[in-house]
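S.K.: Quick note on the numbering used here: the sequence shown kicks off at 258 and runs consecutively. Quick one: this structure, given as structure tokens, is what I'll be asking you about.
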Amino acid sequence: MDGMDGRNRVVIENVYPEIDCGRFPIKTTVGSGVYVEADVFADGHDEVLAFLLYRKSDEEDWKEVLMTPLFNDRWYAYFPVEGMGEYLYTIKGGIDHFSTWRKDVIKKIYSGQDVSVELIIGADMLHQASKRHRGDKKNILLESAKRLDRLSSDINTHAIVSLLNAKEFQRLNMSCFNEDFTSFYKKNLRVTADRRKANFSSWYEFFPRSNPGKGKVHGCFNDAMQLLPEIAKMGFDVVYLPPIHPIGKTNRKGKNNSLEVAPQDPGSPWAIGSSEGGHKDIDPQLGTMDDFVSFVKQAVDLGLEVALDLAFQCSPDHPYVKKHPEWFRWRPDGTIQYAENPPKKYQDVVPFDFECDDWRSLWEELKSIVMFWIEQGVKIFRVDNPHTKPFAFWEWLIGEIKKIYPETIFLSEAFTRPKVMYRLAKLGFTQSYTYFTWRNTKWEITEYMKELTQTQAKEFFRPNFWPNTPDILPEYLQYGGRPAFIVRLVLAATLSSNYGIYGPPFQLCISEAVPGREEYLNSEKYEIKHWDWDAPGNLKEIIGRINRARKENAALQETNNIIFCEAEDENVIFYSKVTDDLSNAILVAANLDPFHVHEATLHIPLKTLDIEEGQSYLLEDLLGGEKFILQGEHMRLKIDPFVIPAYVFKVHRRLRRESDFDYFM
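This is the structure in structure tokens:
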């Protein structure tokens, strides 16, 4: 019983959100906040008060928010997040003796009992509370005590009930609340607050070595800079570059991942390191560090932010291999162990040995790589294959970086087992790649979105939807033609508030794959391309429209606000996104069959949209420009994938009536 006070009667349990018993923080963004629930109750029939406590982790004083009861002893409260960094929150609760007294007095009055003694007790309670306060609060308590004393000697039932039910009188419970016997939740739970872009971003990936200038074989940053206005015009706000470092020559891969290499083959950018430098250097064919800094500045001037690929691996030629051989695995024959994922072989890449004896020095060096690029103006990193490195390393690295640069964003590129992907998100990754790439049917998409937005995953896992990557050309895009590319674009951009595409191949609807594989034929990973950005059939215009819709409609800037609605055709998916204050509402209807026309009756969620039955409203398609005036909850819609395979409707809830016209009055 040491340290226990038996007078603490309130129980606090089932706190939400709480990730793995408080082991990991939840995520939010600046300008948003944290919604917390808990079961708070006590023995007997006494009333209870519950408080949400919160503070920044580097502050000492807690702020308090009075919690509101829901039902069945469940309470909730919300606290705002005004700056980046880590926040703490917990809950306290105690017996509300004043409200309990007030409730019992009213019961006795209605049952015809004498309450004169109870009024004296109440007056004494207010007197005792006044000793803990000063100024106006003390005076209010004393004046209220006098009123109870007067009523106790001259019983007037109507006057007593009127006083006890007065809002000002009821609020005295806060001044009477005694902190001496409050109970506290035994954990301080954590929140990581990121900048707004962590929750809303549009990524465009492209290889800066492609599209070289006239007469050149290899593109450079100055060439790539000419593409930035076009990317900005399409509405993206993040430009993601694959590794920009020197590429090794040993075991360099040729076209289509071939071991046969021609002299002009540039090699895979993920085979990092050569005699020209390593992870803190730039491939000389791309330019100088000054050229890169100029590229970053030009991007910023256009409203873009540069994201770099963070690939913690080396080519056999990397300077680390000679300087720190202890950081790698060596085979009995004296050769270095290259990366493998049988049957795949990556002869041009050697992984770090995170189990080596000198792991601490390895960790510090890898941290210094991130710090180096942050100092060059990069605050967003797409992390290559993080699931092949230790969890403990990522938790340490991300924590260390965010202590100094809390605005840094880390995107986890881990297409692996669900629990591993979730663990990486819990331990610090800001955003995560997902299985969206392979979710094609209505049922698959709906169930996956429910997992991401209606389970505890929504508190720590921020999805970033990509319909394609340099590594992945899914079958849906291989066979579905231009309609497939459009519908996957619309789904990625409206289901998730974070999404991205792998550049020219997507907007040009490139669909040629390695036979029997979900990989690009003649992949840009192994050769330099000369893309015609204005080729017939390109998607630049529709990409621009969908990104404009995202920027102009707050409902599309959140992921967890999605509600799936009924559409009477299994090939048509229909869902809504609405802001909390109902100021902005979007409806999305998409034909998932890229080969055939489908017609479905859509069930418009009038209650969700705050539209009264019989009220007329307008749906404005933000992609094709069509407008529909409707009344009621049903809409019959034909979706022809060869015209437009999806509609993104902005809801205009109220059309003007005759009573709005000036002369009507």
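Using N, Cα and C, we set each Cβ at its ideal position, and we do this for glycine too.
Would you identify the three-state DSSP class for VAL578, choosing helix, strand or coil?
M.R.: In the structure shown, VAL578 adopts helical secondary structure according to DSSP, grouped into three states.
S.K.: Identify whether PHE298 lies in helix, strand or coil by the three-state DSSP scheme.
M.R.: strand
S.K.: Just the Cα atoms here: how many angstroms apart are ARG802 and ILE702?
M.R.: 23 Å
S.K.: Would you please state the rounded distance, in angstroms, between the beta carbons of SER689 and PRO720? I believe it to be under 8 Å.
M.R.: Between PRO720 and SER689 the Cβ distance is about 6 Å, and since that is below 8 Å, they are a contact.
S.K.: How is GLN764 classed by DSSP in three states: helix, strand or coil?
M.R.: helix
S.K.: Would you tell me roughly how many angstroms separate the C-alpha atoms of PRO274 and LEU709, rounded to the nearest one?
M.R.: 15 Å
S.K.: Consult DSSP for MET258 and reduce its assignment to one of helix, strand or coil.
M.R.: Residue confidence for MET258 is low, a pLDDT of 42 falling below 50, so the modelled location carries little weight and cannot support an answer.
S.K.: Within a Cβ cutoff of 8 Å, which residues of the same chain sit near GLN555, ignoring the five residues on either side of it in sequence?
M.R.: MET482, LEU485
S.K.: From LYS808, VAL908, LEU778, pick the residue whose C-alpha is nearest to that of SER873; which is it?
M.R.: VAL908
S.K.: Is it right to say ASN456 is buried, meaning 16 or more other beta carbons lie within 10 angstroms of its own, or is it exposed?
M.R.: buried
S.K.: Less than 8 Å between the C-beta atoms of ASP353 and GLU304, yes or no?
M.R.: GLU304 is positioned such that its CB atom lies closer than 8 Å to that of ASP353.
S.K.: Give the straight-line distance between the Cα atoms of GLN829 and PHE885, rounded to the nearest whole angstrom.
M.R.: Per the sequence shown, the amino acid found at residue 829 is Val instead of Gln. Roughly 18 Å between the two C-alpha positions.
S.K.: Between TYR367, SER440, ASP381, LEU748, which has its C-alpha nearest ASN413's C-alpha?
M.R.: TYR367
S.K.: Using the DSSP secondary-structure output, state which residues sit across from HIS855 in a beta bridge.
M.R.: ILE896.
S.K.: When you compare the segment 526-533 with the segment 501-517, are there three or more beta-carbon pairs, one atom per stretch, that lie closer than 8 Å?
M.R.: Flag = yes, the segment 526-533 and the segment 501-517 touch.
S.K.: For VAL905 and GLU462, what's the separation of their Cα atoms in angstroms?
M.R.: 24 Å
S.K.: Quick one: give me the first and last residue of the beta strand (DSSP E) that TRP332 is part of.
M.R.: 331-337
S.K.: Taking 6 Å as the limit between beta carbons, can you name the residues of its chain near ARG509, skipping five residues before and five after?
M.R.: VAL518, GLY524, ASP605
S.K.: Are three or more beta carbon pairs between the segment 793-813 and the segment 838-856 nearer than 8 Å?
M.R.: yes
S.K.: Sort ASN265, VAL267, GLU317, VAL338 by Cα distance to TYR292 and report the nearest one.
M.R.: VAL338
S.K.: What separation, rounded to the nearest whole angstrom, lies between the Cα atoms of TRP616 and ASN642?
M.R.: 19 Å
S.K.: If you follow the beta strand (DSSP E) that GLY350 is in, where does it begin and where does it stop?
M.R.: 342-352
S.K.: If you reduce the DSSP assignment to three classes, tell me which class ARG447 lands in.
M.R.: strand
S.K.: Taking only three categories from DSSP, how would you classify ASP566?
M.R.: strand
S.K.: In terms of alpha-carbon separation, which member of ASP296, GLU317, THR712, GLN370 lies closest to LEU345?
M.R.: Closest option to LEU345, Cα to Cα, is GLU317.
S.K.: Given a threshold of 16 other Cβ atoms within 10 Å of its Cβ, counted over all protein chains shown, does TYR595 qualify as buried or as exposed?
M.R.: buried
S.K.: By the DSSP assignment, the beta strand (DSSP E) with ASP641 in it spans what residues?
M.R.: 637-641
S.K.: Do the segment 856-875 and the segment 743-763 make contact, defined as three or more Cβ pairs closer than 8 Å?
M.R.: In short, these stretches do not touch, since the Cβ pair count stays below three.
S.K.: Quick check for students: name the residue ranges of the alpha helix (DSSP H) that lie wholly in the segment 487-521, counting only runs of 4 or more.
M.R.: none
S.K.: Here's the rule I'm using: 16 or more other beta-carbon atoms within 10 Å means buried, otherwise exposed. How should GLU781 be labelled?
M.R.: buried
S.K.: Given this structure, state the Cα-to-Cα distance separating MET258 from SER440, to the nearest angstrom.
M.R.: Because MET258 sits at a pLDDT of 42, beneath the cut-off of 50, its placement in the model cannot be relied upon, and the following sentence gives the value as read from the coordinates. Those two C-alpha atoms are separated by around 16 Å.
S.K.: Where ALA749 and ALA847 are concerned, what is the direct C-alpha to C-alpha distance, given to the nearest angstrom?
M.R.: 12 Å
S.K.: Under 7 Å from any heavy atom of the ligand HEM, does the C-beta of ALA750 make it?
M.R.: Absence of the ligand HEM is noted for the structure shown, with no ligands found whatsoever.
S.K.: Going by other Cβ atoms of all chains shown within 10 Å of its Cβ, with 16 needed for buried, is PHE722 buried or exposed?
M.R.: PHE722 is buried by the Cβ-count criterion.
S.K.: Given that a residue counts as buried once 16 or more other Cβ atoms are within 10 Å of its Cβ, and exposed if not, what is ASN271?
M.R.: exposed
S.K.: Determine the extent of the beta strand (DSSP E) in which PHE667 is found, giving its start and end residues.
M.R.: 666-670
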